Amino acid sequence: MGDFISTLDDMRPIVKDIAMFHAASVMIANSDPTFTGRYSYSIAEKFMAFDGMIKKGFGDLQQLTATFPEFAHFAKPLEKFQANLREFYIAVYNPSKTYQNVLIHGDFHGKNMLHKVDDEGRHTDTILLDYQICCWTSPAIDLYYLLDMIPTQEVKDNHRAELIYMYYQQYTDLLKRLGFLGKIPTMLDLQIELLRYAGLEMFHYAIFSSFRYMDPTVIDIEALLKGEIDNPVLNNPEFKKLMHTELTRFLHQGTLSQD
């Protein structure tokens, strides 16, 4: 699983860092009326420029629906989701109208952090790097990066709710300690916001999940993305099980739609 974080304890300093970054940005915005305006832009179009990866990721999912009967009922929902993807993805980066906005990191993954490690190999502190695409919007974006790009699938599956709660506790605790006088969202508010933004997680699964199950030293990634070779991961039982589970979850919660 490469550089993914493999324990809940090693996730703790990462969660703390992003929660503190978000809370600090709210305090700055509260005292500086020009702050949000300086970061009120969207970087969504830059991500959508990776058109080849996007088409390949969704194409691979459609190949699953065409090849394996247990995936067939996902074909139309995936087609509909992909058809509306550009509009959805650009809208995601607009400031939220339903939740307290923050300055997000925007490129929050394992390559953009450094860890302090003790003598037993445990992560005791983390610093974030590369703040070039920060923007003022919903924290749900960074939270889905936190869940989808940093831990192993096992850590995510076993501790998803705990990671979200851990973030919420760190975020609200710092706001209170800094004397924030505004309304602090509830945990339920955060969960509802995550559900509203769950299409971003669907996007992450479609584009990036298969890379967790392939060895880049034996696969020509460039040829794979160009569609010159088939994705061998589509026959991986563990990957198929994961995608069936997650696509079912997205369908049941309304992120994917049969209508």
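So for the sequence shown, UniProt numbering puts the first residue at 1; every next one is plus one. We put the CB at the ideal spot given by N, CA and C, even for glycine. Computed from a predicted structure; not experimentally measured.
Can you give the beta carbon distance from residue i to residue j, rounded, assuming they're within the 8 Å contact cut?
i	j	result
K80	L225	With 8 Å as the limit, K80 and L225 do not qualify as a contact, their Cβ atoms being about 24 Å apart.
L251	P77	6 Å
Y167	L143	6 Å
N30	G227	No, N30 and G227 are not in contact; Cβ-Cβ is about 49 Å, not under 8 Å.
Y131	D189	Wrong, their Cβ atoms sit about 26 Å apart, outside the cutoff.
Identify which residue in the options has its Cα closest to the Cα of residue i.
i	options	result
I104	I43, I229 and L8	I43
residue 322	P216, Y197, V233 and L174	The question about residue 322 has no answer, for the chain in this structure spans 1 to 259.
I28	L178, E222 and Y213	L178
N112	T124, L129 and Y205	L129
Q169	T152, K156, Q253 and I184	I184
Q191	I221, R160 and A75	R160
M53	A66, E120 and Q82	Q82
S40	L64, L61, A91 and A66	A91
I18	I219, K176, T172 and H244	T172
T36	C134, L146, T248 and A140	C134
K116	T248, K240 and R12	R12
L85	P237, E201 and I219	E201
Cβ of residue i within 8 Å of Cβ of residue j?
i	j	result
Y89	F208	no
V15	F180	no
I5	T124	no
N235	S210	no
V155	L8	yes
A72	Q62	no
H244	E87	no
P95	H22	no
D3	R122	no
F50	A206	no
L146	I127	no
Given residue i, which residues of its chain have a CB within under 6 Å of its CB, disregarding the five upstream and five downstream residues?
i	result
A198	T255
M214	V233
I229	A223
I141	I104
Helix, strand or coil, according to DSSP, for residue i in the structure here?
i	result
V218	coil
I5	strand
T245	helix
H204	helix
D125	strand
D157	helix
L103	strand
T137	strand
L114	strand
P151	strand
Given residue i, which residues of its chain have a CB within under 8 Å of its CB, disregarding the five upstream and five downstream residues?
i	result
M149	F108, H109, G110, H204 and F208
Y165	M187
Take residue i and list the residues in its own chain whose beta-carbon comes closer than 7 Å to its own, dropping the five residues that flank it on each side.
i	result
D60	S210, N231 and L234
Q258	K76 and P77
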